[in-house]
Every structure is written in C-alpha cells, then in structure tokens.
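Peer 1: Under my numbering, the first residue of the sequence shown carries the number 24, and numbering increases by one thereafter. Please read through the structure below; I'll follow up with questions.
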Amino acid sequence: MQSIQEKFIQLFDRAPSLLVQSPGRINLIGEHTDYNHGFVLPAAIDKSAQIAFEHRLDGKIVMHAIDLNETETVSTQTLQPHATSWVNYIIGVVAQVQQYLASTKINNDKLAQLNQGFFICLQADIPIGAGLSSSAAVASAVIFALNEWYALGLSKMQMALMAQKAEHEFAGVKCGIMDMFASIHGEANQVMLLDCQNLTFKYYPLQLQEYQIVLFDTSIKHALASSEYNTRRLECEQGIQIIQQTYPNVQSFRDVTLEQVEAYLAPQKNSSNEINLSLANTKVYQRCKYVVQEIERVQLAVKDLLNGDLKAFGQKMFATHWGLSELYEVSCPELDMLVNFVKNNEHVIGSRMMGGGFGGCTINIIKSSEVQNIIAQVTQQYQIATNKKLHSYQVTIQQGTHII
Ligand code: GLA
Numbered sequence: 024m025q026s027i028q029e030k031f032i033q034l035f036d037r038a039p040s041l042l043v044q045s046p047g048r049i050n051l052i053g054e055h056t057d058y059n060h061g062f063v064l065p066a067a068i069d070k071s072a073q074i075a076f077e078h079r080l081d082g083k084i085v086m087h088a089i090d091l092n093e094t095e096t097v098s099t100q101t102l103q104p105h106a107t108s109w110v111n112y113i114i115g116v117v118a119q120v121q122q123y124l125a126s127t128k129i130n131n132d133k134l135a136q137l138n139q140g141f142f143i144c145l146q147a148d149i150p151i152g153a154g155l156s157s158s159a160a161v162a163s164a165v166i167f168a169l170n171e172w173y174a175l176g177l178s179k180m181q182m183a184l185m186a187q188k189a190e191h192e193f194a195g196v197k198c199g200i201m202d203m204f205a206s207i208h209g210e211a212n213q214v215m216l217l218d219c220q221n222l223t224f225k226y227y228p229l230q231l232q233e234y235q236i237v238l239f240d241t242s243i244k245h246a247l248a249s250s251e252y253n254t255r256r257l258e259c260e261q262g263i264q265i266i267q268q269t270y271p272n273v274q275s276f277r278d279v280t281l282e283q284v285e286a287y288l289a290p291q292k293n294s295s296n297e298i299n300l301s302l303a304n305t306k307v308y309q310r311c312k313y314v315v316q317e318i319e320r321v322q323l324a325v326k327d328l329l330n331g332d333l334k335a336f337g338q339k340m341f342a343t344h345w346g347l348s349e350l351y352e353v354s355c356p357e358l359d360m361l362v363n364f365v366k367n368n369e370h371v372i373g374s375r376m377m378g379g380g381f382g383g384c385t386i387n388i389i390k391s392s393e394v395q396n397i398i399a400q401v402t403q404q405y406q407i408a409t410n411k412k413l414h415s416y417q418v419t420i421q422q423g424t425h426i427i
C-alpha cells in the first residue's frame, strides 16, 4: 500500500507539510452517559485515521479520501454542511476555527491565513460505522493539524470541544464529548475516566492480566442511528425537566437518585401527580433509569478495576448491555445475539454493545489463551444465525492524536 505521503504527492504534485495520525476509540463502560453529565471510560486504539496537510493560497479546501477515491473542493468563504458525509468532518472543524478566530480579534492574521485554504488527504484503517469513532478520529486529526499549522495554541480539551461542535453543526448528530476526547487524549495502555460534568479526567493503566480486549463487529450500520441518538438526548432532557418541577436545584443526572426516577418518572406511580403524568411517558422513565444506573455503575466498575477484580468489572459490562438493550433501547438483535453467544462462556468475563448502538461492535474481555477458539466459535454461530461474516478485532490501547 502507498503511504499517505506518496499518495498526496501523486495527487497534488507537491509534498505535504504535516502528517497527523488520530486513533479510533473503545469505551470499556459508561455508554450514553457523556451527554448526560456522567462518566465514561474510553481509550484510544491501534486503528487510526491519518491526514496529510499542505496550505494553499487560493481560498479553497481541496480534500481527497484515499479509501473512497473521492475528491471534493469547497471555498473557505462559504462553509456549510456538505452532502458528502466525510467532508463534514473536515470543513465542520474549519468552520469552528473560523468562528474561534473571528471571536478573538488578535487573531485576524491567522484567520486570513486559514481562509487561504489547504489541501488535505485522508485515509483510515478504522472500520466505518463499527462504533469505533472513525469520524471523530478524522475531526480530531483535522483540528490537531490546524492547531499546529496556524499555531492556534488550543488546549487538547478545547480541540475536543471544537471537534464535537463540528459534528453537531455539520453532521447533525448531537454527540457527546467522549469520542473526540478519547481520540485526542489517548495514551498507550491507559484508560481514561472522564467526568463529563466538569471535563476533568484521570488516566488508569489497564491491567487485564491474562485477558485481552476483542471486538466483534455485527457489520450492521443502522440508518436510524443518528436520529434515534438525538431522540435519546431529548428524552433524557425531558426527564430532567420533569424532576426539576419538584427539585428545582437538580442540574443534571448527577443530582438525580434512582428513587426520584421511580417516584417522578415511572408513569404508573404518578397517578396522584397530574403535572408529571401529562409529561412523563414510559420511554422517558426507562431512559432516565438506565442513565442513573449507568452513572453509578461506572464509578463502581472503576473501583473493581483498581482492585484488580476483573470478574466484577465484566459483570457490570453485561449489566450495561442489558440496560442499553432493554431500557435505553439502542441495541439491535445482532448485538444482543453476540452478547448471548458469550455470556455463559467462562473465558469471557465481560461483553456488551459499545458506542451509540443500533449496530457496530460488542466489546469483550476474553482470556488470551482462548481468544482464537472463541473467535472461531462466535464467527460460526453468527454466520449460521445471520448469514453474515463476523469481523473481529483484537485491539491494543495506544497513544492519542499526534504528528507523525
Ligand atoms: C456515540 C457518541 C458519543 C457517545 C456514545 C454513546 O459514540 O458520539 O458521544 O454518546 O455514542 O456512549
């Protein structure tokens, strides 16, 4: 395979000034908690996006996606959501930097330089739509490259927040901060416990003893993923608003107890409370119950990890899965099937769907000596049940976004 540098030279007849590599991510536990002010426990992996960058002078952004063999050109003056989805993760980020520079007058020169445009070439070995955040990896690579080239002086967290906003505004998905955070902040062999309420985080070495992480990819890419994602977010906001009617000091799910969820959101228990009854519905109750349980579960799971109690940690992964499947309703039959295939296997200590849901991968903690056998078994079972080929990835935890 040609290197991204060679491809860039072949396409654009010049060498790139900057190469950036940005990884995909896994998340051990803490799903759909990031936009609910909870905790997540992600890590960057050994699958990444790479970009090659060189400035231009004619006000154009010329972009090439090597894996798709597609080229797109836009003007820096008229950035708006594009019909080609991968383009949005580049220009959405540029639009954020433009807004940032425009709001800080001292940076007028930098804005003028940015608006002169650039070439960008992109390639990735992160499977697309597998829930490994290939798009966040691209957006993170782009913000990292712009920060470096235009000497913007952004912190890593500022970069993650700008990449997140790019996804909100250009891809239309109201995602949380986890994916970009993990891609940018990753460190080899470390998981990160991020408190999504105040964006503080801590690294913990992931000591899996005789176990390792294996992802099973359903190869299902659910068309509903982004619309349902936004709906979940709204349902959770609705739940908070209902609780705030009684507890005005509640700011987020961090201030909400399970008892409050039961008392104010469970529809059947609200018959004496007319206001709540008119607003509450079963879905809102289920979503909020899951979120409150998951926020607590992550904190307990981190304790398990620190105590070296992988079995207890793995049990919580299973609990997360069934919460996501039955209460939050973001799983799909294939994901449930993959968890069911391994749930009684003594060599698999944890398994659950990972990421936004409706397809993508399960994350599994499997005894290293049994990995090959289990991959072979699950592949066969999946083939028989769905007539689909199962892809599996044995991932390792690697450094976050960096210049190559
Ligand atoms: C997607 C989003 C993240 C997060 C997960 C679910 O990956 O991009 O922000 O909400 O889903 O945990």
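Don't be surprised by glycine CBs; every beta carbon is placed ideally from N, CA and C.
(1) Have a look at Y173 and K244 and give me their C-alpha separation to the nearest angstrom.
(2) Could you tell me if the beta carbon of S156 falls within a distance shorter than 8 Å of some heavy atom in the ligand HEM?
(3) Using three-state DSSP, classify F193 as helix, strand or coil.
(4) Nearest by alpha-carbon distance to V418: which of F381, L231, L361 is it?
(5) Suppose contacts are defined by Cβ-Cβ distances below 9 Å. Is P150 in contact with S157 by that definition?
(6) Closest by CA to S178, which one among S163, K412, H191?
(7) List in chain order: all unbroken alpha helix (DSSP H) runs of 4+ residues lying wholly within the stretch 132 to 175.
(8) To the nearest angstrom, how far is it from the Cα of I32 to the Cα of Q25?
(9) Scan the stretch 179 to 247 and note each continuous alpha helix (DSSP H) run of 4 residues or more that stays entirely inside, going in chain order.
(10) Go to L124, then tell me how far its alpha helix (DSSP H) extends in each direction, as first and last residue.
(11) Which of the three DSSP states is assigned to R37 in this structure?
(12) In or out: T107 buried (at least 16 other Cβ within 10 Å) or exposed?
(13) Go ahead and pull the three-state DSSP assignment for T343.
(14) On the criterion of 16 or more Cβ atoms from any shown chain inside 10 Å, does N293 qualify as buried, or is it exposed?
(15) Alpha carbon to alpha carbon, what distance is there between K366 and I407?
(16) Measure the Cβ-Cβ separation of V117 and L169 and say whether it is below 9 Å.
(17) Check the DSSP bridge columns for H414 and list the partner residues they point to.
(18) Where does the unbroken beta strand (DSSP E) through M360 begin, and where does it stop?
(19) The ligand GLA and C384: does the residue's C-beta get closer than 8 Å to at least one heavy atom of that ligand?
(20) Taking the C-alpha atoms as reference points, what is the distance between S249 and G195?
(21) Do L413 and S206 have their C-beta atoms closer together than 9 Å?
(22) Is G82 buried or exposed, if buried means 16 or more other CB atoms sit within 10 Å of its CB?
(23) Classify T99 as buried or exposed, calling it buried when 16 or more other Cβ atoms lie within 10 Å of its own Cβ.
(24) Thinking C-beta only, is C144 closer than 9 Å to K70?
(25) One question on the structure: do I68 and R37 come within less than 9 Å of each other, judged by their Cβ atoms?
(26) For Q220, which residues of its own chain have a beta-carbon under 8 Å away from its beta-carbon, when the five flanking residues on both sides are left out?
(27) Could you check if T254 belongs to the surroundings of the ligand GLA, using beta carbon to heavy atom distance under 8 Å?
(28) Tell me the rounded alpha-carbon separation between L91 and A147.
(29) Can you round the beta-carbon distance between E357 and T409 to whole angstroms, since I take them to be within the 8 Å contact cut?
(30) Does DSSP put L64 in a helix, a strand or coil?
(31) Just the Cα atoms here: how many angstroms apart are W345 and G380?
(32) With a threshold of 8 Å, establish whether the CB of N410 neighbours any heavy atom of the ligand GLA.
(33) If we ignore side chains and look at the alpha-carbon of each, how far apart do F341 and R375 end up?
(34) Looking at C-alpha atoms only, which residue of Q103, A66, Q44, S45 is the closest neighbour of G53?
(35) Comparing the CB of N221 with every heavy atom of the ligand GLA, is any distance shorter than 8 Å?
Peer 2: Working from what's here:
(1) Counted from its first residue, the sequence shown places residue 173 at position 150. Counted from its first residue, the sequence shown places residue 244 at position 221. Cα to Cα, Y173 sits roughly 36 Å from K244.
(2) Inclusion of the ligand HEM in the displayed structure is not the case, the ligand content consisting of the ligand GLA alone.
(3) For the purposes of this step, residue 193 is identified with residue 170 of the sequence shown, where counting begins at 1. It is helical.
(4) Along the sequence shown, one-based indexing puts residue 418 at 395. Closest option to V418, Cα to Cα, is L231.
(5) Locating residue 150 in the sequence shown gives position 127, where the first residue counts as 1. Locating residue 157 in the sequence shown gives position 134, where the first residue counts as 1. The answer is yes: Cβ separation under 9 Å.
(6) Along the sequence shown, one-based indexing puts residue 178 at 155. Of the listed residues, the one whose Cα sits closest to S178 is S163.
(7) 157 to 172
(8) Position 9 of the sequence shown, counted from the start, is the residue given in the question as residue 32. Position 2 of the sequence shown, counted from the start, is the residue given in the question as residue 25. I32 and Q25: Cα-Cα distance of roughly 11 Å.
(9) 179 to 189, 201 to 208
(10) Position 101 of the sequence shown holds residue 124. Segment 108 to 126, the alpha helix (DSSP H) holding L124.
(11) Counted from its first residue, the sequence shown places residue 37 at position 14. In this structure, R37 counts as coil in the three-state DSSP scheme.
(12) Looking up residue 107 in the sequence shown gives position 84. T107 comes out exposed.
(13) Counting from one through the sequence shown, the residue named residue 343 turns up at place 320. Three-state DSSP puts T343 in a helix.
(14) Sequence index remark: in the sequence shown, residue 293 carries index 270 (1-based). For N293, the pLDDT reaches just 49, beneath the cut-off of 50, and the residue's location in the model is therefore unreliable, although a value from the coordinates is still provided. Label assigned to N293: buried.
(15) Here residue 407 refers to the residue found at position 384 when the sequence shown is read from its first residue. Here residue 366 refers to the residue found at position 343 when the sequence shown is read from its first residue. Straight-line Cα distance between these residues: approximately 18 Å.
(16) As a first step, residue 117 must be located in the sequence shown, where it is residue number 94. As a first step, residue 169 must be located in the sequence shown, where it is residue number 146. It is a contact, given that the beta carbons lie within the stated cut-off.
(17) To locate residue 414, count along the sequence shown from 1; it is residue 391. Answer is D240.
(18) As a working mapping, residue 360 is identified with position 337 in the sequence shown. Note, M360: premise wrong, no beta strand (DSSP E); alpha helix (DSSP H) at 356 to 365.
(19) As a first step, residue 384 must be located in the sequence shown, where it is residue number 361. A distance criterion of 8 Å places the beta-carbon of C384 beyond contact range of the ligand GLA, judged by its closest non-hydrogen atom.
(20) Position 226 of the sequence shown holds residue 249. Position 172 of the sequence shown holds residue 195. When rounded, the separation of the alpha-carbon atoms in S249 and G195 is 8 Å.
(21) Within the sequence shown, residue 413 is the residue found at index 390, counting from 1. Within the sequence shown, residue 206 is the residue found at index 183, counting from 1. No, the pair does not count as a contact, with Cβ atoms beyond the cut-off.
(22) Within the sequence shown, numbered from 1, the residue matching residue 82 stands at position 59. Here G82 is exposed. Its C-beta has fewer than 16 other C-beta atoms within 10 Å.
(23) For the purposes of this step, residue 99 is identified with residue 76 of the sequence shown, where counting begins at 1. So T99 ends up on the buried side.
(24) Residue 70 sits at position 47 when you count from the first residue of the sequence shown. Residue 144 sits at position 121 when you count from the first residue of the sequence shown. Going by C-beta atoms, K70 is not nearer than 9 Å to C144.
(25) Against the sequence shown, residue 68 aligns to sequence position 45. Against the sequence shown, residue 37 aligns to sequence position 14. Cβ distance not < 9 Å, so I68 and R37 don't count as in contact.
(26) Start at 1 with the first residue of the sequence shown, and residue 220 comes out as number 197. Excluding sequence neighbours, Q220 sits near H60, G61, S275, R277.
(27) One-based indexing of the sequence shown puts residue 254 at position 231. Not so, every heavy atom of the ligand GLA lies at least 8 Å from the Cβ.
(28) As a working note, residue 91 is residue 68 in the sequence shown. As a working note, residue 147 is residue 124 in the sequence shown. Distance between the alpha carbons of L91 and A147: 10 Å.
(29) Translated into positions along the sequence shown, residue 357 becomes position 334. Translated into positions along the sequence shown, residue 409 becomes position 386. Contact holds; Cβ gap of about 6 Å.
(30) Taking the sequence shown and counting its residues from 1, the one referred to as residue 64 is at position 41. The answer is coil: DSSP assigns L64 none of H, G, I, E or B.
(31) To locate residue 345, count along the sequence shown from 1; it is residue 322. To locate residue 380, count along the sequence shown from 1; it is residue 357. Going from the Cα of W345 to the Cα of G380 covers about 12 Å.
(32) The residue given as residue 410 occupies position 387 in the sequence shown. Flag unset: Cβ of N410 not near the ligand GLA.
(33) As a first step, residue 341 must be located in the sequence shown, where it is residue number 318. As a first step, residue 375 must be located in the sequence shown, where it is residue number 352. Distance between the alpha carbons of F341 and R375: 6 Å.
(34) As a first step, residue 53 must be located in the sequence shown, where it is residue number 30. Ranking the options by Cα distance to G53, first place goes to A66.
(35) Looking up residue 221 in the sequence shown gives position 198. No; taking the cut-off as 8 Å, the Cβ of N221 has no heavy atom of the ligand GLA nearer than that.
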